[in-house]
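Q: Let me begin by handing over the structure; questions about it come next.
Chains as they are written, first to last, in this note's numbering: chain S, 1223 to 1299; chain H, 1346 to 1678.
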């Protein structure tokens, strides 16, 4: 399964909290708990980009895990 | 059985057989063990299959990972180099970490871990080593590198385990605490203590607030991390300056609430397993639970099947947690 590129709007929707999802992968949830708060407090393009980079990395490096694949389907369909 | 209680002699035998072991025990017990492929932390409290919760200075809790890993290596980090722990984790495996409680490395990891490079990209699970409660202030928690024989009071030992290509590691937690219906509590800075708290946005002295509302400090503060409940346990109140102390740091910007009570931990635990928790118990390789759950929920002689393991001064599932059971599953791809 491919991980959508960082430019996909779905990543921005997640880190900005515009859309929320019920995810399964523990590491991503813990990370998002911090990132969404950080972006809310500091919604600059640089902070949004840095947050997307981190989130994308955690998914890309764990894409072999079924819960990660489920989460990607949940976010991107 | 991968996780079991051993006599010191049985632990020696397993080490001599070349088993790869994650161990927990009292310092005097661990010091009797020969060199080998093992890593350990000090703690004499355990949950076992046979006896449930127990305290024993002459027993060792062993997690045998020999048959699930292809190789192991142990790396020692200090409070600075630990920032590489996620990035240096095995590409296909897991990292198992033990840090002595109250060491500078423990405090640094707790505060800074979530900001380390590549946080969470590879599985990191482990625990905070402690001591018998009678030894608090008399002995220090330690971690043991069985390969080198080193005993470490300030540092982290990490066993990096590679898995076969057909296996994958996944970390889970079981936290029976949920946010209560009370005030939203936030803090102006990260730290293990706080004199002031923002109560629904209003700056308030924390200790008098706790007293006024008669909040039970055996119940943690709970933050919602994108659906994951993360606890911050109360350590106490310093009467000299009114500072409230915690076993894990609060973070600025995170919204906390005082937890709902859990009246019967064992019963709630069973209900959680049967109704809510998606755990394939046959695949659980390691688990540990918090000493505060052991004490407050009186788990001595009580079982939390199928989970066993050391009873710890802090749990690590990617980051430091409190009053939470953490577990590692190794599954088929």
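The C-beta atom is built at its ideal place from N, Cα and C for all residues, glycine as well. Bear in mind that the values here come from a model prediction, so they are computed numbers and not experimental data.
(1) Hey, how far is the Cα of residue 1583(H) from the Cα of residue 1562(H)?
(2) Contact defined as beta carbons within less than 8 Å: I believe residue 1279(S) pairs with residue 1573(H). What is the distance between those atoms, to the nearest angstrom?
(3) In terms of residue numbering, what span does the alpha helix (DSSP H) encompassing residue 1583(H) cover?
(4) With distances taken Cα to Cα, identify the nearest neighbour of residue 1515(H) among 1450(H), 1631(H), 1451(H).
(5) Give every residue of the same chain whose Cβ lies closer than 6 Å to the Cβ of residue 1663(H), excluding the five residues on either side of it in the sequence, and list them in chain order.
(6) Can you find the residues in the same chain that come closer than 6 Å, C-beta to C-beta, to residue 1402(H), ignoring five residues on each side of it along the sequence?
(7) Would you kindly report the start and end of the unbroken beta strand (DSSP E) that includes residue 1502(H)?
(8) Considering only the beta carbon of each residue, do residue 1540(H) and residue 1587(H) sit closer than 7 Å?
(9) For residue 1282(S) and residue 1225(S), which I take to be in contact (beta-carbon distance under 8 Å), what is that distance rounded to the nearest angstrom?
(10) Could you check whether the Cβ of residue 1516(H) sits closer than 7 Å to any Cβ belonging to chain S?
(11) Report the rounded CA-to-CA distance for residue 1637(H) versus residue 1654(H), giving the unit in angstroms.
(12) Return helix, strand or coil for residue 1429(H), following the three-state DSSP convention.
(13) Cβ of residue 1656(H) less than 7 Å from any chain S Cβ?
(14) Less than 7 Å separating the beta-carbons of residue 1640(H) and residue 1603(H)?
(15) Helix, strand or coil for residue 1560(H), going by three-state DSSP, please let me know.
(16) Return the residues of the region 1251-1264 of chain S that lie within a Cβ-Cβ distance of less than 8 Å from chain H, sorted by chain order.
(17) What does residue 1297(S) touch in chain H if you count any residue whose Cβ is under 9 Å from its own?
(18) Between the Cα of residue 1645(H) and those of 1416(H), 1569(H), 1611(H), spot the shortest distance and give me the residue it belongs to.
(19) Between residue 1248(S) and the ligand FAD, is the CB less than 6 Å from at least one heavy atom?
(20) Let me confirm a value: residue 1534(H) is counted as buried when at least 16 other C-beta atoms fall within 10 Å, else exposed. Which label applies?
(21) Which partner residues of residue 1379(H) appear in the DSSP bridge assignment?
(22) Specify the secondary structure class of residue 1387(H) as computed by DSSP and reduced to three states.
(23) Residues of chain S with CB under 8 Å from residue 1573(H), in chain order?
(24) Considering residue 1493(H), what are the terminal residues of the beta strand (DSSP E) in which it resides?
(25) Can you give me the C-alpha to C-alpha distance between residue 1374(H) and residue 1527(H), rounded to a whole angstrom?
(26) Is residue 1669(H) closer than 7 Å to residue 1600(H) when the C-beta atoms are compared?
(27) Closest Cβ-Cβ distance between residue 1466(H) and chain S: below 7 Å?
(28) Output needed in chain order: residues of the region 1284-1295 of chain S with a Cβ under 9 Å from some Cβ in chain H.
A: Inspection of the coordinates gives the following:
(1) 13 Å
(2) 19 Å between Cβ atoms; not a contact.
(3) It is not in any alpha helix (DSSP H) - residue 1583(H) instead sits in the beta strand (DSSP E) that spans 1579-1583.
(4) 1631(H)
(5) 1465, 1469
(6) 1371, 1389
(7) 1501-1507
(8) yes
(9) 5 Å
(10) yes
(11) 15 Å
(12) helix
(13) no
(14) no
(15) coil
(16) 1251, 1252, 1253, 1254, 1255, 1256, 1258, 1259, 1260, 1263
(17) Going along chain H, no residue has its Cβ under 9 Å from residue 1297(S), so there is no contact; the nearest lies around 12 Å.
(18) 1611(H)
(19) The ligand FAD is not part of the structure shown, which contains no ligands of any sort.
(20) exposed
(21) None; residue 1379(H) has no bridge partner.
(22) strand
(23) 1248, 1251, 1252, 1255
(24) Looking at the DSSP string, residue 1493(H) is not in any beta strand (DSSP E), and its letter there is neither H nor E.
(25) 45 Å
(26) no
(27) yes
(28) 1284, 1286, 1287, 1288, 1289
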